[in-house]
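Please read the structure below before turning to the comments.
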């Protein structure tokens with residue numbers, strides 16, 4: 007224990023970390039990164055799977071985006087256009103139309119949660135809210151399953167950009183979303199302390215932590231130690247340059263759109279390249295109870311169209327799309343009926359999600375809704391089904407089971423059924 | 023289990039109860055309500071055949087009440103003054119001091135004003151440029167209310183029925199309007215409906231806006247009936263003279279013509295999921311109807327609502343549940359603001375009893391705080407042991423309050439504690455301090471993109487929080503050794519470095535350092551070339567970053 011009180015000169019910070027690791031068992035796990043792992047990095051990279059969720063907070067009117075009803079009284083003013091896939095989409099998504107060969111629209115989503123909070127929880131976890139248990143979200147589940155593929159990863163495996171996502175539930179704080187703004191700047195990242203002194207402080211902290219954990223016997227304290235370790239890793243990692251989205255050329259930034267969502271999607275691409283298994287990018291403002299069509303046409307759809315199409319195009323060109331699932335969804339859809347304020351209200355009974363990449367087939371429209379969009383006419387799909395399909399598309403076993411804190415076995419993705427048209 | 027064993031266990035547990043009654047508090051000084059809480063909670067322990075954790079020592083308990091009542095850790099002076107106090111009623115006296123002494127009034131009001139601002143308008147309420155809500159106005163109203171210990175029912179009545187201007191300094195200022203200022207304008211006052219019923223009555227109706235909810239007793243009809251009470255109310259934008267710049271908003275009541283344009287029969291329409299349209303008039307949750315007229319001269323719907331709410335037993339239960347959860351870490355129900363037959367309480371009789379007691383005591387929240395903080399469950403340590411292993415609500419069990427549930431400080435508590443830990447106290451005017459805290463809070467609050475302004479805080483033990491505590495300005499200030507700083511002043515007190523080290527641990531985590539912690543300090547001392555201040559600085563940094571510091575325990 008004594009030796010890290012002296013500071014060997016001329017060592018890099020990373021070396022200090024392994025130095026500390028040798029002295030302190032609690033930090034050893036994350037810090038002892040043998041060189042053999044680096045030797046296999048190329049091989050591991052080949053099966054690096056990732057997922058990006060584009061979260062549309064507020065509940066997008068999928069009837070105006072992906073499942074148009076031209077001619078129906080509920081149809082609204084937008085016209086369908088043809089795409090590179092086997093389906094038509096909204097005329098105000100012309101760039102996405104070029105990418106639809108990579109993406110499929112599930113038009114027969116039918117869920118029961120039409121409240122924002124409940125819907126957000128349900129679509130993020132595959133479980134309806136239950137006061138006695140907190141379920142892990144897509145990001146926690148997928149990063150939990152995929153992180154073993156990349157032992158070299160030092161930055162958080164679940165990054166949430168520009169929004170809040172949903173927590174890790176019973177998987178614990180170590181799988182919590184790391185929330186950043188779309189410019190990728192991270193507050194308080196800079197250390198204002200020399201290396202040796204920081205290490206000495208960490209050792210003192212570690213001792214205090216261990217004492218508290220053993221006295222209270224409570225889980226959260228042990229979780230905290232893991233988070234401290236990860237924080238420490240991250241402050242010292244070269245991989246953090248993935249967050250420097252500002253370094254991208256101006257024309258690339260322009261192509262994604264210079265607003266928060268565009269830059270967030272660009273950052274998501276950089277993080278996939280850096281090996282982050284799950285990234286969520288948030289685009290809010292879909293809760294359009296009034297004046298919906300002007301909002302969509304002039305604001306939301308252009309932003310979405312640019313950013314999402316640029317993301318898919320880039321992933322494809324870099325050969326990453328074959329290993330990256332992209333999921334687009336919100337908490338529910340919106341009513342076919344256009345209300346007195348020219349808006350649409352919450353509607354969960356018949357709506358669409360969009361998904362593609364990795365082992366998920368693109369270019370398809372799965373399921374159908376009725377002529378006015380008010381009901382699903384083919385087999386309905388739930389949040390569980392969609393999540394299970396994404397899990398399958400990432401090559402994760404759909405038989406994976408977690409054990410919740412109260413000892414209950416929980417099937418991954420709520421034990422949904424695979425949407426067969428999309429995988430396998 | 024054999025009958026004999028059962029009886030044996032019963033006898034054992036009643037001994038425990040006796041022990042507890044003789045604890046720190048002299049029986050005659052304890053309000054009768056405390057004994058009733060103890061009885062109800064202890065009965066639960068007997069029923070489950072569990073033994074509670076031991077009581078915490080004075081130092082930990084002192085830290086606990088300062089955090090819960092004033093929203094910050096005690097200073098070294100305050101901690102030492104309490105530890106030096108003698109007498110059986112010392113805990114009761116400290117509670118009394120924190121609640122009633124003038125020098126704490128401002129802090130008490132500030133802490134509870136902040137808590138209630140977050141409850142009523144959220145952590146980001148009033149921060150958006152387009153918002154009609156004045157966060158300052160909301161806070162001022164609440165601070166003033168807590169400073170004079172306004173009866174809770176009166177506060178609720180004012181919040182629900184308020185009229186006037188949002189912004190302090192305007193002629194018609196009434197800070198209470200900020201609760202509804204944004205909520206009534208938005209989409210048929212849906213948000214005013216759901217917030218009012220959830221926050222004050224513990225009745226979650228938001229799901230029933232669109233359909234009958236399968237999991238609770240609320241039907242869609244009830245939502246729109248409750249909603250009808252808010253339809254005479256609007257927020258009006260008031261402009262800066264001669265410009266189009268919005269200066270503030272004013273919450274006003276005006277005649278409501280109804281959606282069929284007949285003020286004498288002012289109905290609202292809503293749509294069933296099958297597309298049929300129904301009508302609703304103001305009817306309270308218990309079925310009480312008021313007149314159908316939309317003319318203010320016939321009935322002021324919000325005032326009527328306020329009166330009806332005052333009669334509701336849910337008003338009592340909701341505030342008791344909220345306050346219990348604040349002090350004990352968990353409420354009698356989870357979530358705390360969802361009361362009803364579909365969500366049974368862990369101690370239904372106690373919840374009801376405390377509700378009635380509070381009503382009998384004119385909704386004096388300081389009394390309720392006294393009852394709870396002096397009760398037995400609030401004295402227990404946070405240690406989970408074999409004797410109460412089943413009392414683990416994180417495993418989905420109903421809480422039995424046989425130990426103090428560990429929980430992280432709120433962001434505001436941590437901020438204020440770190441400010442306390444700098445020893446310099448807060449700098450600048452009240453408004454400047456508010457502004458600094460608000461800036462700091464921003465980094466942890468994220469909004470969801472809905473009209474309802476839903477938000478979450480990422481201040482939850484995750485990496486951004488750890489980064490802030492490792493490297494942030496607050497930590498830098500708190501660990502400063504500049505002349506006049508806390509550590510500088512500390513280094514001039516006490517008898518020995520050991521003594522000063524003990525003080526450091528007392529302030530941060532309310533205990534003495536262990537032998538191995540003293541050892542580490544000794545090593546740090548030599549690593550810092552015998553510079554004691556720098557050693558204290560290292561230890562202080564480690565303490566402030568520890569779970570033991572950021573948790574209420």
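Residue numbers (the working numbering), protein chains in the order written: chain A, 7 to 430; chain B, 23 to 575. Every residue, glycine too, gets a C-beta built ideally from N, C-alpha and C. Every value quoted in this text rests on a predicted model; they were computed, and no experiment measured them.
Look up residue i in the DSSP assignment and say whether it is helix, strand or coil.
i                     : result
residue 235 (chain A) : helix
residue 136 (chain A) : strand
residue 408 (chain A) : strand
residue 31 (chain B)  : Residue confidence is low: residue 31 (chain B) scores 39 on pLDDT, short of 50, so the model does not pin down where it sits. No coordinate-derived value is stated.
residue 270 (chain B) : strand
residue 365 (chain B) : strand
residue 261 (chain B) : strand
residue 67 (chain B)  : helix
residue 114 (chain A) : strand
residue 563 (chain B) : helix
residue 206 (chain A) : helix
residue 555 (chain B) : helix
residue 355 (chain B) : coil
Starting from residue i, follow the beta strand (DSSP E) in both directions and report where the run begins and ends.
i                     : result
residue 59 (chain A)  : 56-62
residue 162 (chain B) : Careful: residue 162 (chain B) lies outside any beta strand (DSSP E), inside the alpha helix (DSSP H) at 157-169.
residue 95 (chain B)  : Careful: residue 95 (chain B) lies outside any beta strand (DSSP E) and carries neither H nor E.
residue 164 (chain A) : 164-167
Specify, as a first and last residue, the run of the alpha helix (DSSP H) that residue i falls within.
i                     : result
residue 276 (chain B) : That residue, residue 276 (chain B), is in no alpha helix (DSSP H); it is neither H nor E in DSSP.
residue 284 (chain A) : Careful: residue 284 (chain A) lies outside any alpha helix (DSSP H), inside the beta strand (DSSP E) at 284-289.
Please classify residue i: is it buried, with 16 or more other beta-carbons within 10 angstroms of its beta-carbon, or exposed?
i                     : result
residue 190 (chain A) : buried
residue 294 (chain B) : exposed
residue 170 (chain B) : exposed
residue 258 (chain B) : exposed
residue 286 (chain B) : exposed
residue 22 (chain B)  : Any property of residue 22 (chain B) remains undetermined from this structure, which presents chain B solely from 23 to 575.
residue 1 (chain A)   : Not covered by the structure: residue 1 (chain A). The range shown for chain A is 7 to 430.
residue 339 (chain A) : buried
residue 32 (chain B)  : Residue placement at residue 32 (chain B) cannot be trusted, given a pLDDT of 39 that sits under 50; what the coordinates show is reported in the next sentence. Burial call: exposed.
residue 128 (chain A) : buried
residue 431 (chain A) : The structure shown does not extend to residue 431 (chain A), since chain A spans only 7 to 430, so no value can be given for it.
residue 31 (chain A)  : In this prediction, residue 31 (chain A) scores a pLDDT of 37, lower than 50, which makes its location untrustworthy; no coordinate-derived value is stated.
Less than 8 Å between CB atoms is the rule here; does residue i satisfy it with respect to chain B?
i                     : result
residue 122 (chain A) : yes
residue 357 (chain A) : no
residue 324 (chain A) : no
residue 290 (chain A) : yes
residue 365 (chain A) : no
residue 197 (chain A) : yes
residue 451 (chain A) : What is shown of chain A runs 7 to 430, which leaves residue 451 (chain A) out entirely.
residue 299 (chain A) : no
Residue i CB to nearest chain A CB: under 8 Å?
i                     : result
residue 249 (chain B) : no
residue 486 (chain B) : yes
residue 417 (chain B) : yes
residue 241 (chain B) : no
residue 542 (chain B) : yes
residue 428 (chain B) : yes
residue 364 (chain B) : no
residue 244 (chain B) : no
residue 478 (chain B) : yes
residue 471 (chain B) : yes
residue 413 (chain B) : no
residue 458 (chain B) : no
residue 399 (chain B) : no
When you compare the CB of residue i with every CB in chain E, is at least one pair closer than 8 Å?
i                     : result
residue 209 (chain A) : Absent from the structure: chain E. Protein chains present are A and B.
Does the ligand MN have a heavy atom nearer than 7 Å to the CB of residue i?
i                     : result
residue 252 (chain A) : The ligand MN is not part of this structure, which contains no ligands at all.
At least 3 beta-carbon pairs within less than 8 Å: the stretch 159-169 of chain B vs the stretch 188-197 of chain B: Between the stretch 159-169 of chain B and the stretch 188-197 of chain B there are three or more C-beta pairs closer than 8 Å, enough to call the two in contact.
Any 3 or more C-beta pairs closer than 8 Å across the stretch 292-302 of chain A and the stretch 246-257 of chain A: The stretch 292-302 of chain A and the stretch 246-257 of chain A do not touch, with fewer than 3 CB-CB distances between them shorter than 8 Å.
Any 3 or more C-beta pairs closer than 8 Å across the stretch 382-389 of chain A and the stretch 78-85 of chain A: With the cut-off at 8 Å, the stretch 382-389 of chain A and the stretch 78-85 of chain A do not touch.
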